[in-house]
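Residue numbers (this note's numbering): 8 to 117.
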């Protein structure tokens, strides 16, 4: 799915793609992943996996997800990651640090 300039991504499609990518990375059934699934604690992702995930998602969506605007809060759960990706400007502009999508807080790297 490539983002069209000037438009936001469809949240359901974002969810479907992120679940598929995460399922492939973790060798799990995508149907077992829900929005409360914690990427580090439940799926066992490492910081290296998180960087790989961000790069894969950037390729999937045809955009550059800016690491400097992607806080750990966006990587806490599947739901927070979906909210983040769905809110990113498809023209390649990540959210500003003070514009993080609302969701569970945490912010600390595991």
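Note that beta-carbon positions come from the ideal geometry of N, C-alpha and C, so glycine has one too.
Assign residue 114 to one of three DSSP states: helix, strand, or coil.
Caution is warranted here: a pLDDT of 42 is assigned to residue 114, below 50, making its placement in the model unreliable, and the coordinate value is therefore given only provisionally. Looking at residue 114 - three-state DSSP - the assignment turns out to be coil, as it is neither helix nor strand.
Simplified DSSP state of residue 90, which is helix, strand or coil
helix
By how many angstroms is the C-alpha of residue 92 removed from the C-alpha of residue 16?
8 angstroms
Roughly how far, in whole angstroms, is the beta-carbon of residue 83 from the beta-carbon of residue 45, given that I think they are within contact range, below 8 angstroms?
6 angstroms
Distance, residue 41 Cα to residue 95 Cα:
21 angstroms
Nearest neighbour of residue 43, chosen from 22, 68, 31, 53 [CA to CA]
22
In whole angstroms, what is the alpha-carbon distance linking residue 18 and residue 29?
16 angstroms
Residue 64 and residue 32 closer than 8 angstroms at C-beta
no
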